[in-house]
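Heads up, the thing below is written out as structure tokens.
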Amino acid sequence: MLLLLLAGVNAVVAQTPEEDEKARQKAIKAAQKAYRERLKYPINGVVFERDSLNTPPDSWAVLRFTRGVHFADSLKRGDMDSVLGQLSAVHHGSRVTYNYRDPFDPYGNPTYYRRGQGKFWYFGLGMCLLLVFMYYRAAFSKQFELRVRGLFNAYYYNELMNDRTITQFSGGSGVVFVFSQAVFSAGVMLNLIFNGYLQLNNFFVFVFLYLGVLAAVMLQQTIQFLFASSVHIEELVRRQTQRQYNMNFVLSLICFPLFLVFYYNDYKYPDIDLSHWISFMLVLWVVIRSIYAFVGLFQDRQLTFLAFLYFCTLEILPYSVLFAILSRS
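Residues 165 to 493, numbered by this note's numbering, are exactly what the sequence shown covers, in order.
If you want it as structure tokens, here you go:
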């Protein structure tokens, strides 16, 4: 017993201040080495300081860590597993092990598992548009056939225009107008979502956007009508308007299924910036419609100075200004 007591006293005496300092320096070097290794694996582009792992982050740190509200559909790409793996792998020497668990992390909150980017309202919008299309197909079957065939054959287009009930916003034209602008607005909404504005991923935001697009297009067409009335080219504007309706209708039938596929399957294309592709589709939509309308001036043999002035100032110029503003922003 006496021998054991003497050995313990010798061990205490042997622990000199120099050895304590060496042990402390060794622990500091181990922590610095672990921190340098940590710099190679930032979380969402943000490198957390060593001391910040000991305390809960403030609101600004949470926003930087989650990039605002960019937590939608990340579970599908396995981002949560990689983030938690990186956080749990932070080791400072052999004395301190940080297993960081952020209580504000949306990746770890089960509530967000059910509320990702793939919300039901976009699919519900598709079902509503399908019902509108079925109604138009049943109620205006002859007009539907003439509109589709009139894109490729001038005879059917002239048959459509000979129907004097075809006006700007009434009857089948009104249904086509509402349907086409709804699809175009859905594309604009999808572009906003893919650009990171996920807080706008809401049906009521889409409604306000849709009403704004309707108001802007109706204002544009009202100005076109007033211009046509002042220079007596009403028939030309009437034919051009219906020609645009026909092209918008067919393009909307093509684009909206693609919008649905992109919306619910964007996680399959992590290396592709889908916002650029959606923007390209919307611009291509307007370009194709404008080219078709311009060719229509030749088909109607109405390529006069007033017709050219109307086409450039009231059909091309508004969209050119809009796309210029969007490209700069």
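Virtual Cβ for every residue (Gly too), placed ideally from N, Cα, C. Here the structure is a predicted model, which is why all the values come from computation and not from measurement.
| Query | Result |
| --- | --- |
| Limits of the unbroken alpha helix (DSSP H) element including residue 344 | 335 to 358 |
| Inter-residue Cα distance where the pair is residue 428 and residue 438 | 12 Å |
| With 16 other Cβ atoms within 10 Å as the buried cut-off, status of residue 430 | buried |
| Runs of alpha helix (DSSP H) wholly within the region 436 to 481 (minimum 4 residues, chain order) | 438 to 463 and 469 to 475 |
| Spatial distance of residue 316 from residue 479 (CA atoms) | 22 Å |
| Proximal residues to residue 357 (C-beta, below 6 Å), its chain only, five neighbours per side dropped | 365 |
| Residue 405, DSSP secondary structure in three states | helix |
| Contact set for residue 321: own chain, Cβ-Cβ below 7 Å, skip 5 residues either direction | 314 |
| Residue 284, DSSP secondary structure in three states | helix |
| Cβ shell of residue 450 (< 6 Å), same chain only, five flanking positions each side left out | 483 |
| Residue from 292, 182, 458 and 406 whose Cα sits closest to the Cα of residue 327 | 406 |
| Residue burial classification, residue 181 (beta-carbon count within 10 angstroms, cutoff 16) | exposed |
| Collapsed DSSP secondary structure at residue 259 in the structure displayed | Its pLDDT being 47, under 50, residue 259 is placed unreliably by the model, and the measurement read from it follows with that caveat. If DSSP states are grouped into helix, strand and coil, residue 259 belongs with coil. |
| Cβ-based burial, residue 418 [other Cβ within 10 Å; buried from 16] | exposed |
| Inter-residue CB distance, residue 442 and residue 415 (contact presumed, cutoff 8 Å) | So it is not a contact: roughly 14 Å between Cβ atoms. |
| 8 Å contact criterion, which residue 300 and residue 339 should meet: CB distance rounded | 5 Å |
| Own chain partners of residue 233 with C-beta closer than 6 Å, once the 5 adjacent residues on each side are dropped | Summary for residue 233: the model assigns pLDDT 47, below 50, so the residue's position carries little reliability, and this model does not support an answer. |
| Simplified DSSP assignment, three categories, for residue 317 | coil |
| Other residues of its chain near residue 445: CB distance less than 8 Å, five sequence neighbours each side excluded | 351, 419 and 422 |
| Reference residue 425; option with closest CA among 435, 304, 398 and 354 | 354 |
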